[in-house]
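K.L.:
Residues in the sequence shown are numbered from 0 upward in steps of one, following numbering that gives the first Met the number 0.
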Amino acid sequence: MSKPPNFILFITDQHRADFLGCYGHPVLRTPHIDSIAAKGTLFGRFYVASPVCMPNRASLMTGRMPSVHGVRSNGIPLSMQAVTFVELLRDSGYRTALIGKSHLQNFTAWPPIVKRAPPCASYREPSRDLMQALRNDLNQGAYEQETPEYWSLKDARIQTPFYGFDHVSLVRAHGEDGGGDYTRWLAERDPKAKALLGHPLPHEYTLPQAYRTAIPAELYPTAFIGEQAQAFVQAADVGQPFFLMVSFPDPHHPFNPPGKYWEMYKPEQFAVPEAFKRNDWTPPPLVRNVIAERQAGTAKLDGMNTISVSAREAQEARALTCGMIACIDDAIGRVLHALEQTGRRGETVVAFTSDHGDHLGDHRLLLKGAEQYQSIVRVPFIWCDPQAADYPAVADTLASTLDISATVLDRARIEPFSGIQGHSLLPALRGAGAVRESVFIQY
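1) Using the rule of at least 16 other Cβ atoms within 10 Å of the residue's Cβ for burial, across every protein chain shown, is Thr-205 buried or exposed?
2) Within 10 angstroms of the Cβ of Ala-369, are there 16 or more other Cβ atoms? Answer buried if so, exposed if not.
3) Among the residues of its own chain, which have a CB less than 6 Å from the CB of Cys-383, if the five just before and after it don't count?
4) When DSSP labels each residue in this structure, what does Asn-55 get in the three-state scheme?
5) Within the chosen definition, does the segment 225-234 reach the segment 275-284 through at least 3 CB pairs nearer than 8 Å?
6) How big is the Cα-Cα spacing for Gly-136 and Gln-268?
7) Just to confirm, is the Cβ distance from Val-376 to Ile-440 under 8 Å?
8) Using the three-state DSSP reduction, which class does Lys-367 fall into: helix, strand or coil?
9) I'd like to know if the segment 84-97 and the segment 127-136 are in contact, where contact means that at least 3 CB-CB pairs between them fall below 8 Å.
10) Which of the three DSSP states, helix, strand or coil, is assigned to His-68?
11) What are the boundary residues of the beta strand (DSSP E) that includes Gly-99?
12) Can you list, in chain order, the stretches of the beta strand (DSSP E) that have 3 or more residues and sit fully within the segment 164-217?
13) Tell me the rounded alpha-carbon separation between Ile-413 and Phe-242.
14) Give the DSSP bridge partners of Ala-350, in chain order.
15) Do you know how far the Cα of Arg-317 is from the Cα of Ser-168?
16) Per the DSSP calculation, Arg-377 is bridged to which residue(s)?
17) Among Leu-397, Leu-401, Ala-405 and Arg-410, which has the Cα closest to the Cα of Ala-387?
18) Are Pro-207 and Ile-306 closer than 8 Å when you measure CB to CB?
19) Using only the alpha-carbon positions, how far apart do Asp-402 and Ala-120 sit?
20) With distances taken from CA atoms, which of Lys-367, Ile-331, Arg-344 and Leu-364 is nearest Gly-457?
21) Rank Phe-164, Thr-182 and Arg-71 by C-alpha distance to the C-alpha of Arg-89 and give the top, closest one.
22) Report yes or no: do the segment 249-256 and the segment 3-20 share at least 3 C-beta pairs separated by less than 8 Å?
23) Compute the Euclidean distance between the alpha carbons of Pro-65 and Leu-19, then round it to the nearest angstrom.
24) Quick one: grab the DSSP three-state call for Met-244.
25) Counting Cβ pairs closer than 8 Å, one from the segment 357-367 and one from the segment 306-315, do we hit at least three?
26) Alpha helix (DSSP H) containing Asp-33: first to last residue?
27) Are the CB atoms of Pro-147 and Gly-174 nearer to each other than 8 Å?
28) Name the DSSP bridge partner or partners of Leu-27?
29) If contact is defined by three or more beta carbon pairs under 8 Å, each pair taking one atom from either stretch, is the segment 331-342 in contact with the segment 253-273?
30) Can you list, in chain order, the residues of its chain with a C-beta nearer than 8 Å to that of Thr-347? Leave out the 5 residues immediately preceding and following it.
31) Assuming contact is defined by CB atoms lying nearer than 8 Å, are Phe-223 and Val-170 in contact in what I supplied?
32) What number of angstroms, rounded off, separates the C-alpha of Cys-321 from the C-alpha of Leu-218?
33) Using only the alpha-carbon positions, how far apart do Asp-236 and Arg-343 sit?
34) To which residues of the same chain is Leu-443 closer than 6 Å at the C-beta, ignoring the five residues directly before and after it?
35) Determine, using beta carbons only, whether Pro-256 and Glu-315 come nearer to each other than 8 Å.
36) At the level of alpha carbons, what is the spacing between Ile-75 and Lys-114?
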């Protein structure tokens, strides 16, 4: 039996497929991510199971749809009763690690249950423990490990194994103050840096949530994640296979590329999205309502959900997003260099994906929500297996976030658990034809 491969899965947050050099972006340069695609397979029709963070990340881990694993929206943690593909890897002898963003649990103070519809007049509501189809234990302390309250404790650590991960170095949130293990690292690296948090540098952007952080690039959460991933790769036992998930919170808003990355791209370099050039389209009701909210001044501009933007704001969002992606690309380059130095690149499968996209001005929208446009449901997926040089450079087969878990298990020669809904993509790469005729996306 051949030696089990190692795996490194890079994942970004709110990163649409066409914002990479290898996916044909006309302005953005991503040489290190492009190098993965150059030696591997780029999937052109890869879609999320849900266009928001927590449901799709839970689908990645379980290979199951949100309606099945229970994480139907942000704010609901993944039950620890759910089996993840990382647990199967660990059970088969893999050393498993997560560095960066998890978001398998709630990192806000929002309650962990989706709000119910108002009861009908004169109807009696069920008791609290009977309101959901399945009883759960989601209010227990084990599901609070990503909250700011938990990380305010002096000795806070993620309790491992955490959904199958032996080792976790956590960045729990977005922006300059990532929290989690990053906060301790920042204090150790530069005790004076904490004073910079919350004190943005001046800038001329008008884009909502554009924020010019005073934290230098070498102290930004992306740098922490890259450094920790490098250290894990360099220290990995050559006698034990590993699975490493390197999870960047960017380019999710706020739009705050650090240091030189703020000025790396200018808004004028980016074409105005098509929706601003034409007046012959009629937005569907949902989009029309979002645009009307912005025009009326009632839109929540500092929130998480879709808002409407101007043409100039769309260009600014694209420029700053590209700056954040460039910062990530450089960090990935350092991790790949560390892998080369250890001599293990030839035995390590490297993959890249994202949890969902961002409108970035398409349809005059920004961020993400229920719209189901290509800009938020189609994400990159690159699979680079050094032992499979005959795989195609580009795969046109339809694929889903659900399929990542099954593909990794197939490559590791591990039988999946009963109930997995994803399909291994390896047969398609070997020329056996499409593994699915459709994808299902839930919101």
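Where a beta carbon is used, it is the ideal one built from N, C-alpha and C, also for glycine.
Owing to the predicted nature of the structure, the values given are computational and were not obtained by experimental measurement.
P.N.:
Checking against the coordinates, here is how it stands:
1) Here residue 205 refers to the residue found at position 206 when the sequence shown is read from its first residue. Burial call: exposed.
2) Position 370 of the sequence shown holds residue 369. Exposed, since its Cβ has fewer than 16 Cβ neighbours within 10 Å.
3) As a working note, residue 383 is residue 384 in the sequence shown. Taking C-beta separations shorter than 6 Å and ignoring five residues to either side along the sequence, the partners of Cys-383 in its chain run Ile-35, Lys-38, Gly-39 and Val-349, following chain order.
4) Indexing the sequence shown from 1 puts residue 55 at position 56. In the displayed model, Asn-55 falls within a helix according to three-state DSSP.
5) Look at the beta carbons and you see the segment 225-234 not touching the segment 275-284: under three pairs across the two are nearer than 8 Å.
6) One-based indexing of the sequence shown puts residue 136 at position 137. One-based indexing of the sequence shown puts residue 268 at position 269. It should be noted that the sequence gives Asp, not Gly, for residue 136. Roughly 50 Å between the two C-alpha positions.
7) Here residue 376 corresponds to residue number 377 of the sequence shown, with the count starting at 1. Here residue 440 corresponds to residue number 441 of the sequence shown, with the count starting at 1. Yes. Within cutoff.
8) As a working mapping, residue 367 is identified with position 368 in the sequence shown. The DSSP-derived three-state label of Lys-367 is strand.
9) These segments do not touch.
10) Within the sequence shown, the letter at position 69 stands for residue 68. In the structure shown, His-68 adopts helical secondary structure according to DSSP, grouped into three states.
11) Taking the sequence shown and counting its residues from 1, the one referred to as residue 99 is at position 100. Counted as a single uninterrupted DSSP element, the beta strand (DSSP E) harbouring Gly-99 occupies residues 94-99.
12) Restricted to the segment 164-217, the beta strand (DSSP E) segments that are unbroken, complete and at least 3 residues in length are 166-169, listed in chain order.
13) Within the sequence shown, residue 413 is the residue found at index 414, counting from 1. Within the sequence shown, residue 242 is the residue found at index 243, counting from 1. If I take the Cα positions, the gap works out to 13 Å.
14) For the purposes of this step, residue 350 is taken as the residue at position 351 of the sequence shown. According to DSSP, which records beta bridges pairwise, Ala-350 is partnered with Leu-8 and Trp-382.
15) Sequence index remark: in the sequence shown, residue 168 carries index 169 (1-based). Sequence index remark: in the sequence shown, residue 317 carries index 318 (1-based). Just so you know, the alpha carbons of Ser-168 and Arg-317 end up roughly 29 Å apart.
16) Working through the sequence shown from its first residue, we reach residue 377 at position 378. Tyr-46.
17) Taking the sequence shown and counting its residues from 1, one reaches residue 387 at position 388. That would be Arg-410, whose Cα lies nearest to the Cα of Ala-387.
18) The residue given as residue 207 occupies position 208 in the sequence shown. The residue given as residue 306 occupies position 307 in the sequence shown. Result yes, Cβ atoms of Pro-207 and Ile-306 sit closer than 8 Å.
19) In the sequence shown, residue 402 corresponds to position 403, counting from 1. In the sequence shown, residue 120 corresponds to position 121, counting from 1. Between the alpha carbons of Asp-402 and Ala-120 lies a gap of roughly 44 Å.
20) No statement about residue 457 is possible, as the shown extent of the chain runs from 0 to 442 and does not include it.
21) On the sequence shown, residue 89 is found 90 positions in, with the first residue counted as 1. Residue nearest to Arg-89 within the set Phe-164, Thr-182 and Arg-71 is Phe-164 (criterion: CA-CA distance).
22) Segments in contact, yes.
23) Position 66 of the sequence shown holds residue 65. Position 20 of the sequence shown holds residue 19. Between the alpha carbons of Pro-65 and Leu-19 lies a distance of about 27 Å.
24) On the sequence shown, residue 244 is found 245 positions in, with the first residue counted as 1. Secondary structure of Met-244 (DSSP, three-state): strand.
25) Yes, the segment 357-367 is in contact with the segment 306-315.
26) Counted from its first residue, the sequence shown places residue 33 at position 34. First-last of the alpha helix (DSSP H) with Asp-33: 30-38.
27) Indexing the sequence shown from 1 puts residue 147 at position 148. Indexing the sequence shown from 1 puts residue 174 at position 175. Result no, Cβ atoms of Pro-147 and Gly-174 do not sit closer than 8 Å.
28) As a working note, residue 27 is residue 28 in the sequence shown. The partner list for Leu-27 (beta bridge, DSSP) is empty, contrary to what the question assumes.
29) Using a C-beta cut-off of 8 Å, the segment 253-273 makes no contact with the segment 331-342, since fewer than three inter-stretch Cβ pairs fall below that distance.
30) Start at 1 with the first residue of the sequence shown, and residue 347 comes out as number 348. Closer than 8 Å at the Cβ level, and outside the excluded window around Thr-347, lie Pro-4, Asn-5, Phe-6, Ile-7, Leu-338 and Pro-385.
31) Walking along the sequence shown from the start, residue 223 turns up at place 224. Walking along the sequence shown from the start, residue 170 turns up at place 171. Contact: yes.
32) The residue you call residue 321 lines up with position 322 of the sequence shown. The residue you call residue 218 lines up with position 219 of the sequence shown. One C-alpha to the other measures close to 19 Å.
33) Within the sequence shown, the letter at position 237 stands for residue 236. Within the sequence shown, the letter at position 344 stands for residue 343. Distance from the CA of Asp-236 to the CA of Arg-343, rounded to the nearest whole angstrom, comes to 11 Å.
34) The question about residue 443 has no answer here: the residues shown for the chain are numbered 0 through 442.
35) Along the sequence shown, one-based indexing puts residue 256 at 257. Along the sequence shown, one-based indexing puts residue 315 at 316. The Cβ atoms of Pro-256 and Glu-315 lie no closer than 8 Å to each other.
36) Walking along the sequence shown from the start, residue 75 turns up at place 76. Walking along the sequence shown from the start, residue 114 turns up at place 115. For Ile-75 and Lys-114, the distance between alpha carbons rounds to 11 Å.
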